[in-house]
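Undergrad: Residue numbers (the working numbering): 67 to 286.
Glycine included, every Cβ here is placed at the ideal spot set by N, Cα and C.
If you scroll down you'll find the structure; I have some questions about it.
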């Protein structure tokens, strides 16, 4: 884990360039969206791209390139690789390559399912063995008591599994355009809302809050 750190353990560079960090994380998704939206135009403008396949395959290839660039820049500027984008990037490269090689869109569409299911199973599996693994990821951002970490880990584990099921439902029942829009503009707002919904739990189980209460009691 020397080169792969948690998303919430910011380096000095990340604190100085927060917008760049966000741009590097969501940039590949925007490239994927643009590649699918303008796939035909890109094929006409750059004929060599037709060797990759149709618009979704062109978007997939651009997504893979953008992901690699994002991870390289993150390593150079921020001195580490954020673990979730890194794992997602590995899956992107594997499933994206399979999609283009076999000319089968199924692989790239299943990538979010695989990533989210993986995170969900790891978190819930850790709980089964008595480990609140989320604490190892977020402990640099805030400190919770044991019960708080267990509850938060359980919620995030179930949420990741929910995202996996939701992705399967969307790509299997709707058009490519709907799936791409959902992947870019649907998943992120849902995740942000879920994260905000966890703030009451975090505040209730925060060790900092407990220390303030204890300090107040002693002062009285």
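If we count the other Cβ atoms within 10 Å of its Cβ and call it buried at 16 or more, is residue 158 buried or exposed?
TA: For the purposes of this step, residue 158 is identified with residue 92 of the chain shown, where counting begins at 1. Classification of residue 158: buried, given that the 10 Å Cβ count is 16 or more.
Undergrad: Check whether the Cβ atoms of residue 178 and residue 136 lie closer than 8 Å to each other.
TA: As a position in the chain shown, residue 178 is number 112, starting the count at 1. As a position in the chain shown, residue 136 is number 70, starting the count at 1. It is not a contact, given that the beta carbons lie outside the stated cut-off.
Undergrad: Can you tell me whether residue 142 is buried or exposed? The criterion is at least 16 other CB atoms within 10 Å of its CB, across all chains shown.
TA: Residue mapping note: residue 142 aligns to position 76 of the chain shown, counting from 1. Exposed.
Undergrad: Just the Cα atoms here: how many angstroms apart are residue 108 and residue 115?
TA: Position 42 of the chain shown, counted from the first residue, corresponds to residue 108. Position 49 of the chain shown, counted from the first residue, corresponds to residue 115. About 7 Å.
Undergrad: According to DSSP, simplified to helix, strand and coil, what is residue 272?
TA: As a working mapping, residue 272 is identified with position 206 in the chain shown. DSSP places residue 272 in strand when its eight states are reduced to three.
Undergrad: Answer yes if the region 97-105 comes into contact with the region 121-133, meaning at least three C-beta pairs across the two stretches below 8 Å, and no otherwise.
TA: Verdict: yes, contact present.
Undergrad: Which first and last residues belong to the alpha helix (DSSP H) in which residue 140 is found?
TA: As a working mapping, residue 140 is identified with position 74 in the chain shown. Counting along the chain, the alpha helix (DSSP H) containing residue 140 begins and ends at 121-144.
Undergrad: For the alpha helix (DSSP H) containing residue 238, list its first residue and its last residue.
TA: One-based indexing of the chain shown puts residue 238 at position 172. Segment 212-239, the alpha helix (DSSP H) holding residue 238.
Undergrad: Quick one: give me the first and last residue of the alpha helix (DSSP H) that residue 249 is part of.
TA: Counting from one through the chain shown, the residue named residue 249 turns up at place 183. Looking at the DSSP string, residue 249 is not in any alpha helix (DSSP H), and its letter there is neither H nor E.
Undergrad: Considering just the uninterrupted stretch of the alpha helix (DSSP H) at residue 179, what are its terminal residues?
TA: Start at 1 with the first residue of the chain shown, and residue 179 comes out as number 113. Counting along the chain, the alpha helix (DSSP H) containing residue 179 begins and ends at 172-194.
Undergrad: Out of curiosity, what's the CA-to-CA distance linking residue 281 and residue 273?
TA: If you number the chain shown from 1, residue 281 lands on position 215. If you number the chain shown from 1, residue 273 lands on position 207. Note that residue 281 has pLDDT 47, beneath the 50 cutoff, so the model's placement of it is unreliable and no number is given.
Undergrad: Following the continuous alpha helix (DSSP H) through residue 111, name the residue where it begins and the one where it ends.
TA: Numbered from 1 along the chain shown, position 45 holds the residue referred to as residue 111. Start and end: 105-111.
Undergrad: Using a Cβ-Cβ cutoff of less than 6 Å, which residues in the same chain neighbour residue 233 once the five nearest sequence positions on both sides are dropped?
TA: Translated into the one-based positions of the chain shown, residue 233 becomes position 167. So the qualifying residues of the chain are 178 and 179.
Undergrad: What's the gap between the Cα of residue 213 and the Cα of residue 187?
TA: Here residue 213 refers to the residue found at position 147 of the chain shown. Here residue 187 refers to the residue found at position 121 of the chain shown. Going from the Cα of residue 213 to the Cα of residue 187 covers about 20 Å.
Undergrad: Go ahead and label residue 71 buried or exposed: buried means 16 or more other beta carbons lie within 10 angstroms of its beta carbon, across all protein chains shown.
TA: For the purposes of this step, residue 71 is taken as residue 5 along the chain shown, with counting starting at 1. The pLDDT assigned to residue 71 is 43, lower than 50, so where the model puts this residue is not dependable; a value taken from the coordinates is nonetheless given after this. Result: buried.
Undergrad: I need the straight-line Cα distance from residue 251 to residue 194, nearest angstrom please.
TA: On the chain shown, position 185 is the one that residue 251 refers to. On the chain shown, position 128 is the one that residue 194 refers to. Approximately 33 Å between the Cα atoms of the pair.
Undergrad: Could you have a look at residue 153 and say whether DSSP puts it in helix, strand or coil?
TA: Counted from its first residue, the chain shown places residue 153 at position 87. If DSSP states are grouped into helix, strand and coil, residue 153 belongs with the helices.
Undergrad: Please classify residue 239 as buried or exposed, where buried requires at least 16 other C-beta atoms within 10 Å of its C-beta.
TA: Residue 239 sits at position 173 when you count from the first residue of the chain shown. Exposed, since its Cβ has fewer than 16 Cβ neighbours within 10 Å.
Undergrad: Keeping to the same chain, check which residues put their C-beta closer than 8 Å to that of residue 268; ignore five residues upstream and five downstream.
TA: Position 202 of the chain shown, counting from 1, holds the residue named residue 268. Answer for residue 268: 208, 210, 214 and 218, listed in chain order.
Undergrad: Would you be able to state if there are at least three C-beta pairs under 8 Å between the region 242-257 and the region 166-178?
TA: These segments touch.
Undergrad: With distance defined between alpha-carbon atoms, name the residue in 122, 197, 192 and 140 nearest to residue 162.
TA: The residue you call residue 162 lines up with position 96 of the chain shown. Cα-wise, what sits closest to residue 162 is 122.
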